[in-house]
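Here the structure comes first, spelled out in structure tokens, and everything after it is commentary.
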Amino acid sequence: MSEKFFSENNSIYVEILVFVLGGISYGLMETLFRGYTHWSMVLTGGACVLTLYLLETWLLSINLVLAAIAGAIIVTAYEFCVGVIVNLRLGWDVWDYSALPGNILGQICPAFTFAWFILCFIFLGCIKIFS
Numbered sequence: 118m119s120e121k122f123f124s125e126n127n128s129i130y131v132e133i134l135v136f137v138l139g140g141i142s143y144g145l146m147e148t149l150f151r152g153y154t155h156w157s158m159v160l161t162g163g164a165c166v167l168t169l170y171l172l173e174t175w176l177l178s179i180n181l182v183l184a185a186i187a188g189a190i191i192v193t194a195y196e197f198c199v200g201v202i203v204n205l206r207l208g209w210d211v212w213d214y215s216a217l218p219g220n221i222l223g224q225i226c227p228a229f230t231f232a233w234f235i236l237c238f239i240f241l242g243c244i245k246i247f248s
């Protein structure tokens, strides 16, 4: 599928809108899940959703399960990089997964990668259905 979900016009305004909506959505999701969020997570969520948007043509052209795996890897990679900066380097202690099994430096863990897989599966599945 070669069409963009939000607009054929891949302008900077559409990308800014996708970033903002992604950041707001992530912040709301995190607030619902753990009761609060941090501004760095809003920026990270925006970056994740914008990346998925920019890769939409490719993601929608492959099997939904593979696309969701790719999405989960992308989100987990962002989470790891941001975690290393804000938690380990700057010491802000935004999150700590060190008590969870399979964690890497307390910044990522299989349980949250699986959660990102499920969310990406739903998100990309909905886009496939409504495109």
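Position in the sequence shown (first residue = 1) + 117 = my numbering.
Quick reminder that beta carbons are idealized off the backbone N, C-alpha and C, glycines included.
Counted as a single uninterrupted DSSP element, the alpha helix (DSSP H) harbouring L134 occupies residues I129 to R151. Put simply, the backbone Cα of L134 is about 32 angstroms away from that of G223. The beta carbons of A184 and L138 sit about 20 angstroms from each other, so the pair does not count as a contact at 8 angstroms.
Taking all protein chains shown into account, T148 has fewer than 16 neighbouring C-beta atoms within 10 Å of its C-beta and is therefore exposed.
Looking at the DSSP output, I225 bridges to I221. Check the Cα spacing between T174 and each of A164, G162, G163 and G188: the tightest is with G188. Of all alpha-carbon atoms in V201, S178, G219 and W212, the one lying nearest the alpha-carbon of S248 is that of S178.
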